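Read the structure below first, then the notes.
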Amino acid sequence: MQRYRHYGASYSSSLPSSAPVEEVQAEEEAYTEEEVYEDEELLIEDAVQDVVQETGGVNEEEVPQVKEEVTSAVSVTEAKTPPVESKNGKRTEGGGGDAGGGPKYSMFTWFVVLALLGVWSSVAVVYFDIVDYDSVIARAKEFHMNFSEVLQGKLTAYDTDGDGDFDVEDAKVLLGLKEAGRPDVGDSPEEKTVLKTEETREPVSETANQQAAELQGSERAEATSPDALTEDAVSDSESDPRPARDDEVSGSQDVESEIQAAVPLPPLVEDHFVPDDPRDSAHPYEPAVEAENQSDPPAEPEPEPQSEAPGEAQGTTEKQAEDKLKEKAKKKKPKLLNKFDKTIKAEIDAAEKLRKKGKVEEALRAFESLVQQYPQSPRARYGRAQAEDDLAEKMRSNEMLQRAINSYREAAELPDATSDLLRAALKRRAERQQFLGRMRGSLATLERLVQIFPEDISLKNDLGVAHLLLGDNKGAKKVYEEVLAVAPGDGFAKVHYGFILKSENKIAESIPFLKEGLESGEPGTDDGRFYFHLGDALQRVGDNSAYHWYELGHKRGHFASVWQRSLYNVDGLKAQPWWTPKETGYTDLVKMLERNWKTIRDEALAVMDQNTGLFIPEEENLREKGEWGQYTLWQQGRKVGNSCQGVPKTCSLLERYTEATGCKRGQIKFSVMQPGTHVWPHTGPTNCRLRMHLGLVIPKQGCRIRCTNQTRVWEEGKVLIFDDSFEHEVWQDADSYRLIFIVDVWHPELTQNQRQTLSPI
């Protein structure tokens, strides 16, 4: 089950979950105060060397020309170099040396003299504190800033690509190695801080971009105005409206197949935080998972050879063309600066450098200062949003994350924001809204994005996921049909469309979409649940190649094994299909159940005889045929409504066994199965529990359960224990009903802290 959640009130008091968390990682080494140029000539040489390296070499005759042009701009900084003042009040002036003539002594003599001077100078500096290091460093940094300003101001005349400064690309133009007005598009450090801008058009020139921006300015202003985002903004201030739900868990919900979900799984780890309210992670769109299989499936699944279908070559050609377009889009450098932002580029870059180094508090203060000075700057507001976003991760703060969401909106609402910044800000906003569980707000944001960029396939795919998260399979299906109509080879759309078909029980129709989507290898398709669904669909149509896909899912790290296919797991727990009471350590609980089995049976029969409808039919689509009803007492570690009023003695017996009643990843329920029922092979969602079956009413023959390749039968008054994260299957071919009592317990190897902090399932 896909679980989106927000930060807990504090990191120490938050519960872990499987929600995706993007850790704030510094992309560079910490900046030290000594990182300054001591010689202007080094800068010039470095600039020329960069041109030589990137262009593969230039003629020696051309280098002096460029060097002379750069030197002319640098020379004006010499007058700005201030004298260094030491603690003793003396000033050291630059320059010096004899006015004329050559050296009077040999080079060796000068070398010895300089060496001795260096030694004694070092001793004097260390022992007599002659030099004020702080003052020297401060002056050097001031020089570096002045030098940078001069370079930016003087070399702007050589800015041939219109990006606001003189760089290697401009030097290429001066050398005649490149045409002016056609800047290369490549990766930049700034590109790493924003989301992918796929399917965007490659600019022909800066002038063309400006003209297009002027033509579309009024349209974008209308699309991103505060009125246009009203619905979205409102959804940020409060949680999504959801169906009313009591604190108690509904007894009609069976979680055996809750790993069904149609969005990419977050990292399946259990050391993060969970939502303050578990209802944030409840989604109603999850279908069944199980599949038809023989009673004795192959112990060693054999991969079947893949054959090339007719027309596959043509499909491959189309896919290659799409891949090239996407690769081209990925390499495109996003343009986040408008005309005004380019005039304050140095200040923006300085703040962004702090953010990239992980100094998020300093970066936030810098961007807030820029927003106050230049409220019309979209890039400053976007930078502030990113800094708030990073700080929210660091602080585990919902409040700070909400500030970031609002700042992303503010950046996008400015009418002169570039199209790349608009896309990046709104897309990130939608992602963070989903993280907070604000699914309707995220949907509104993505709908606005699709309206502004109707040809961006990736945005439509994201919109389809947003519909699925709201349980709107019909809306998602419509979106993916539109995507596949214009991009029939899109693997992301295929695998999600296949999931929707399977949720509609269109098993055979779902298989090609799931299979082709997984084979595409596109981002977002390599997900354990899609391997699970494809294998399940193949099993239900009697195709044993299902185990090939299960094996592939195992090799890709999605499943613990071909048999154990749960997706919400804790690593390192003992894994075996069948358990004895002694192995579990819950012998007291087992003895209590077996000693009181008749009392438990009589209360269950009394509830059944009342015919009150408390036994609710299984709704997970786990059955191939037959009738299967369940009466739930505890779910996710909480009592279900007033269910214990019907069986008070049973509930009283269980109250003191917290390994069962406190199991947030399990259930306690009665299960009645009528003759002629077959339950598809299926697996539970987690390896964190074991399942106990107490036989209450068991026919003499015809009832059996298989877990992996071992089949067993129930006995009245006896407990069977198995790990339901392994594949299991049930047959009821007797002449009368079968009644058992199911009690889930924590896996015995889980620590007390894990039991308290694991998220509910």
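All you need for the numbering used here is the position in the sequence shown, starting with 1, plus 42. Just so you know, even glycine gets a beta-carbon here, dropped at the ideal spot from N, CA and C. Fair warning: this is a prediction, and the values are worked out from it, not measured in the lab.
Boundaries of the alpha helix (DSSP H) harbouring T703: T700 to T703, taken from the DSSP string. The region 630-690 contains, as complete beta strand (DSSP E) runs of 3+ residues, the segments 665-667 and 670-677 (chain order).
As for any alpha helix (DSSP H) of minimum length 4 sitting wholly inside the region 727-766, there is none.
For H724, the three-state secondary structure derived from DSSP is strand. In terms of CA proximity to L647, Q672 leads the group Q672, E660, P565 and Y522. Rounded to whole angstroms, E791 and K681 show a C-alpha spacing of 25 Å. In this chain, the beta strand (DSSP E) harbouring F783 covers R780 to W788.
Here DSSP, grouped into helix, strand and coil, assigns I553 to helix. DSSP, reduced to helix, strand and coil, places Q774 within a strand of the structure shown. Per DSSP, the continuous alpha helix (DSSP H) segment holding Q798 begins and ends at Q794 to T799. With respect to H720, R780 sits apart: the two C-beta atoms are not nearer than 8 Å. Residue environment for D765: buried (at least 16 other C-beta atoms within 10 angstroms of its C-beta). Counting C-beta atoms within 10 angstroms of its own C-beta, V787 has 16 or more neighbours from the protein chains shown and is therefore classed as buried.
Scanning its chain for C-beta atoms nearer than 8 Å, with the 5 sequence neighbours on each side dropped, one finds around T641 the residues K691, T692 and L695, in chain order. Here T460 carries a coil assignment [DSSP, helix/strand/coil].
Burial state of F150 is exposed, judged by a 10 Å Cβ sphere holding fewer than 16 other Cβ atoms.
Rounded to whole angstroms, the gap between the alpha carbons of R797 and V612 is 11 Å.
Q709: not part of any alpha helix (DSSP H); member of the beta strand (DSSP E) spanning Q709 to M715, first to last residue. The three-state secondary structure of T719, taken from DSSP, is strand.
In the three-state scheme derived from DSSP, where H, G and I count as helix and E and B as strand, Q606 is classed as strand. Contact between L526 and H509 is absent: CB atoms are separated by about 15 Å, not below the 8 Å threshold. The count of Cβ pairs closer than 8 Å, one atom from the region 445-463 and one from the region 413-425, reaches three, so the stretches are in contact. Under a 10 Å Cβ-count criterion, Q794 is classified as exposed, with fewer than 16 other Cβ atoms of the shown protein chains found around its own Cβ. In the structure shown, F601 falls within a coil segment according to DSSP collapsed to helix, strand and coil. Here the C-alpha atom of F495 lies approximately 29 Å from the C-alpha atom of E435. Distance between P623 and L762, taken at the CA atoms: about 9 Å.
Closest in C-alpha terms to I447, from the list F477, T460, W670 and D462, comes F477. In this structure, the CA atom of L576 is about 51 Å from the CA atom of K381. Comparing C-alpha distances from L738 to each of D644, L464 and A702 shows the shortest one belongs to D644. Look at F768 here: in three-state DSSP terms it is strand.
In the DSSP assignment, W620 is bridged to F764.
Sequence-distant Cβ neighbours of D777 in its own chain, meaning closer than 8 Å and more than five residues away, are P717, P741 and G744. When secondary structure is reduced to three states using DSSP, I386 falls in the coil class, being assigned neither helix nor strand.
DSSP places I494 inside the alpha helix (DSSP H), whose first and last residues are M481 to I494. The beta carbons of T728 and R754 sit no closer together than 8 Å.
Nearest C-alpha to E489 among K667, A466 and K502: K502.
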